[in-house]
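Protein chains in written order, with the numbering used here: chain A, 5 to 214; chain B, 5 to 214. Just so it is clear, CB atoms sit at the ideal spot from N, CA and C, and this is done for glycine as well. Following: one structure in structure tokens, then a few remarks.
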DNA sequence: CATTTATTAGACGATCGGTCTATTAAATCA
DNA sequence: TGATTTAATAGACCGATCGTCTAATAAATG
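See the structure below:
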């Protein structure tokens with residue numbers, strides 16, 4: 005049963021094979037921007053449509069609902085950062101601890117680039133949970149669990165390299181980091197300043213080196 | 005010029021002398037509950053009105069707008085916690101560090117009591133800043149600054165008592181605490197669990213004792 | 001009782017998320 | 001080519017809900 009042997013269907017085929025569409029992609033892009041800025045509830049479909057230059061009718065061609073759209077945004081955002089963490093944490097040109105520092109520096113630069121107007125999509129939606137459809141909860145928790153797991157791996161490498169005290173539990177440390185880091189991102193957005201990020205990062209590194 | 009000598013105005017007098025009103029108070033109570041749960045944007049006036057058992061028309065008699073209502077809620081919430089911190093941090097039956105631990109334990113118990121459905125009003129609105137009227141920003145920053153200042157005082161007392169290392173800067177530590185603690189509250193709400201609070205608190209105390 | 005003001009009641013327009021039908025575009029097979 | 005089939009766009013439309021406002025009512029006054 006070769007895929008190539010399946011007879012082509014009549015009629016117009018999808019624009020691209022694997023569910024890809026430029027229109028769809030621009031909806032996702034615009035959605036990510038707005039949701040990192042304003043969250044899910046406060047963001048109307050219309051403003052996303054306007055930014056993306058896409059008529060409303062198209063939206064419901066590509067997505068079943070606003071909720072399904074949100075689900076996809078969380079997935080993409082989670083995967084994007086998972087990839088970013090993976091890249092930083094596998095950079096063997098640096099020591100394990102320096103990889104974490106580099107990730108933080110990258111995130112700080114990103115927040116500054118957007119004038120501290122955009123936060124973390126997962127943190128934003130987490131804060132909104134009281135007003136969000138329940139299925140979002142597990143999805144958001146899973147993203148944090150994934151990020152934490154990757155971070156714990158890098159911390160274990162740092163431990164093996166003798167960069168941080170071996171009394172620490174890497175999983176606890178990773179949890180501590182993501183709990184606090186999300187707080188720092190929130191605060192940086194509120195104060196429009198990078199100093200909360202620096203304050204937290206500095207404290208974190210002081211802590212783990214002991 | 006005695007206040008009592010001011011001639012009474014004609015017409016129906018206010019229900020109570022000093023701007024107090026049971027109706028108004030119940031609006032504030034209901035508002036605080038909903039805003040700690042769902043934030044400002046996602047909370048409709050109608051649901052607050054319904055809980056408080058107050059007709060919509062009355063709301064705009066007591067408050068100029070939803071925004072003015074929010075401003076007052078932030079003030080009240082900020083002052084409520086300022087008082088709470090003051091009580092804990094002036095409790096001379098405990099050591100300075102134990103006072104902070106007691107405050108944290110109290111907050112953990114409060115979150116558990118509400119089944120982790122309510123977060124911090126200031127943190128919630130901070131996250132929403134992208135969608136909130138600009139004047140809220142300074143107000144929220146000021147509340148954090150106040151809480152941090154009180155916390156720094158207690159940390160200095162702990163330093164004087166030799167409970168924490170003197171290399172630490174108390175102001176930095178207080179900033180670090182509130183940055184991370186808000187992250188922990190957010191996460192606890194998301195995961196419906198107290199463990200993020202415990203994870204952060206434990207890490208924080210480990211850190212400051214060195 | 002006429003007057004004044006507190007308080008309530010609900011109408012109001014705007015906008016929300018979501019659905020719908022109609023139309024246009026692009027590929028197919030005969 | 002031309003009829004056919006489906007992808008994709010276009011935007012009118014719906015009920016619900018948003019925050020605001022005006023008109024009416026209630027309660028006190030001199």
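Evaluate contact between the segment 71 to 90 of chain B and the segment 112 to 123 of chain B, counting only Cβ atoms and requiring at least three cross-stretch pairs below 8 Å. no
Tell me the rounded alpha-carbon separation between residue 187 of chain B and residue 118 of chain A. Counting from one through the second chain, the residue named residue 187 of chain B turns up at place 183. Counting from one through the first chain, the residue named residue 118 of chain A turns up at place 114. Going from the Cα of residue 187 of chain B to the Cα of residue 118 of chain A covers about 21 Å.
Chain B contact for residue 195 of chain A (CB, 8 Å cutoff): Taking the first residue of the first chain as position 1, residue 195 of chain A is located at position 191. Chain B contact via Cβ: present.
For residue 63 of chain B, I'd like the list of residues in its chain whose CB is within less than 7 Å of its CB, leaving aside the five on either flank, ordered along the chain. Locating residue 63 of chain B in the second chain gives position 59, counting from the first residue. Here the set comprises 31, 49, 53.
Would you say residue 12 of chain B faces chain A, with C-beta separation under 8 Å as the test? Stepping through the second chain from its first residue, residue 12 of chain B is reached at position 8. Only weak support is given to the placement of residue 12 of chain B: the predicted model assigns it a pLDDT of 45, under 50, and the value that follows is read from those uncertain coordinates. Cβ-Cβ to chain A under 8 Å: no for residue 12 of chain B.
Relative to the C-alpha of residue 44 of chain A, which candidate in A:131, A:109, A:105 has its C-alpha closest? Here residue 44 of chain A is taken as the residue at index 40 of the first chain, counted from 1. When C-alpha distances from residue 44 of chain A are compared across A:131, A:109, A:105, the shortest belongs to A:131.
Determine the direct distance from the alpha carbon of residue 155 of chain A to that of residue 89 of chain A, and round the result to whole angstroms. Here residue 89 of chain A is taken as the residue at index 85 of the first chain, counted from 1. Here residue 155 of chain A is taken as the residue at index 151 of the first chain, counted from 1. Rounded to the nearest angstrom, the two C-alpha atoms are 8 Å apart.
Quick one: is residue 151 of chain A near chain B, going by C-beta distance under 8 Å? The count along the first chain starts at 1 and reaches residue 151 of chain A at position 147. So, not an interface residue.
Measure the CB-CB distance between residue 194 of chain B and residue 145 of chain A and report whether it falls below 8 Å. On the second chain, position 190 is the one that residue 194 of chain B refers to. On the first chain, position 141 is the one that residue 145 of chain A refers to. Yes, these two residues count as a Cβ contact at 8 Å.
On the premise that residue 113 of chain B lies in contact with residue 92 of chain B, defined as a C-beta separation below 8 Å, what is that separation, rounded to the nearest angstrom? Position 88 of the second chain, counting from 1, holds the residue named residue 92 of chain B. Position 109 of the second chain, counting from 1, holds the residue named residue 113 of chain B. 13 Å between Cβ atoms; not a contact.
In this structure, does DSSP put residue 11 of chain A in helix, strand or coil? The residue labelled residue 11 of chain A in the question sits at position 7 within the first chain. Its pLDDT being 41, under 50, residue 11 of chain A is placed unreliably in this model, and the coordinates cannot settle the point.
Taking the continuous alpha helix (DSSP H) assigned at residue 82 of chain A, which residues delimit it? Stepping through the first chain from its first residue, residue 82 of chain A is reached at position 78. Bounds of the alpha helix (DSSP H) holding residue 82 of chain A are 70 to 93.
Per-residue contacts from residue 200 of chain A into chain B (C-beta, under 7 Å): Reading the first chain from its first residue, position 196 is the one you call residue 200 of chain A. Result: 183.
For a cutoff of 8 Å on Cβ pairs, would you count residue 42 of chain A as touching chain B? Position 38 of the first chain holds residue 42 of chain A. Judged by the 8 Å Cβ criterion, residue 42 of chain A is in contact with chain B.
Residue interval of the alpha helix (DSSP H) (run including residue 138 of chain A): Position 134 of the first chain, counted from the start, is the residue given in the question as residue 138 of chain A. Premise fails: residue 138 of chain A is in no alpha helix (DSSP H) and is neither H nor E.
What residues in its chain sit with their C-beta under 8 Å from that of residue 182 of chain B, if we drop five residues either side in the sequence? Taking the second chain and counting its residues from 1, the one referred to as residue 182 of chain B is at position 178. If the five residues before and after residue 182 of chain B are omitted, its C-beta is found closer than 8 Å to the C-beta atoms of 148, 151, 152, 155, all from its own chain and listed in chain order.
Which runs of the alpha helix (DSSP H) at least 4 residues long sit entirely within the segment 99 to 140 of chain B? Give them in chain order. 100 to 117, 125 to 131
From the DSSP output, in three-state form, read off residue 21 of chain A for me. Your numbering for residue 21 of chain A matches position 17 in the first chain. For residue 21 of chain A, the pLDDT reaches just 44, beneath the cut-off of 50, and the residue's location in the model is therefore unreliable, although a value from the coordinates is still provided. Coil.
In whole angstroms, give me the CA-to-CA distance for residue 176 of chain B and residue 129 of chain B. For this step, residue 176 of chain B is matched to residue 172 along the second chain. For this step, residue 129 of chain B is matched to residue 125 along the second chain. In a straight line, the C-alpha of residue 176 of chain B is about 23 Å away from that of residue 129 of chain B.
Below 7 Å CB to CB, which residues in the same chain sit around residue 104 of chain B once its five sequence neighbours on both sides are set aside? For the purposes of this step, residue 104 of chain B is taken as the residue at position 100 of the second chain. Only 158 meet the Cβ criterion.
Could you tell me the alpha carbon to alpha carbon distance between residue 100 of chain B and residue 166 of chain B, rounded to whole angstroms? One-based indexing of the second chain puts residue 100 of chain B at position 96. One-based indexing of the second chain puts residue 166 of chain B at position 162. About 10 Å.
Rounded to a whole number of angstroms, what is the C-alpha to C-alpha distance between residue 109 of chain A and residue 115 of chain A? Against the first chain, residue 109 of chain A aligns to sequence position 105. Against the first chain, residue 115 of chain A aligns to sequence position 111. Between residue 109 of chain A and residue 115 of chain A, the C-alpha separation is close to 10 Å.
Start and end of the alpha helix (DSSP H) containing residue 58 of chain B? Sequence index remark: in the second chain, residue 58 of chain B carries index 54 (1-based). Where residue 58 of chain B is concerned, there is no enclosing alpha helix (DSSP H), given that its DSSP letter is neither H nor E.
Looking at chain A, is there any beta carbon in it that lies within less than 8 Å of the beta carbon of residue 163 of chain B? For this step, residue 163 of chain B is matched to residue 159 along the second chain. No - not a single Cβ of chain A is within 8 Å of the one on residue 163 of chain B.
Please return the same chain residues whose Cβ sits closer than 6 Å to the Cβ of residue 161 of chain A, not counting the five positions on each side in sequence. Working through the first chain from its first residue, we reach residue 161 of chain A at position 157. Hits under 6 Å: 100.
Closest by CA to residue 207 of chain A, which one among A:180, A:57, A:196? Here residue 207 of chain A corresponds to residue number 203 of the first chain, with the count starting at 1. Nearest C-alpha to residue 207 of chain A: A:180.
Determine the extent of the alpha helix (DSSP H) in which residue 167 of chain A is found, giving its start and end residues. Reading the first chain from its first residue, position 163 is the one you call residue 167 of chain A. Counting along the chain, residue 167 of chain A falls outside any alpha helix (DSSP H), and DSSP gives it neither H nor E.
Determine the DSSP secondary structure at residue 5 of chain A, reduced to helix, strand or coil. For the purposes of this step, residue 5 of chain A is taken as residue 1 along the first chain, with counting starting at 1. Only weak support exists for where residue 5 of chain A lies, its pLDDT of 34 falling under 50; the value from the coordinates is given anyway. Three-state DSSP puts residue 5 of chain A in coil, outside helix and strand.
Going along the segment 134 to 147 of chain B in order, which residues come within less than 8 Å of chain A, judged by CB to CB distance? 134, 135, 141, 144, 145
Run through DSSP, which three-state label would residue 96 of chain A get? For the purposes of this step, residue 96 of chain A is taken as residue 92 along the first chain, with counting starting at 1. Three-state result, residue 96 of chain A: coil.
Between residue 178 of chain B and the rest of its own chain, which residues show a CB-CB distance below 7 Å, the 5 nearest in sequence each way excluded? Taking the first residue of the second chain as position 1, residue 178 of chain B is located at position 174. Cβ within range, chain order: 152, 155, 156, 159.
Under 8 Å, do residue 189 of chain A and residue 127 of chain A count as touching if we go by C-beta distance? Reading the first chain from its first residue, position 185 is the one you call residue 189 of chain A. Reading the first chain from its first residue, position 123 is the one you call residue 127 of chain A. Yes.
Listing by chain order, which chain A residues have their CB less than 8 Å from the CB of residue 186 of chain B? Looking up residue 186 of chain B in the second chain gives position 182. Result: 187, 190, 191.
What is the rounded straight-line gap between the Cα of residue 55 of chain B and the Cα of residue 34 of chain B? Locating residue 55 of chain B in the second chain gives position 51, where the first residue counts as 1. Locating residue 34 of chain B in the second chain gives position 30, where the first residue counts as 1. Computed Cα separation, rounded: 6 Å.
Hey, is residue 115 of chain A's beta-carbon within less than 8 Å of any beta-carbon in chain B? Counted from its first residue, the first chain places residue 115 of chain A at position 111. Not closer than 8 Å to any Cβ of chain B, the Cβ of residue 115 of chain A fails to qualify, so no.
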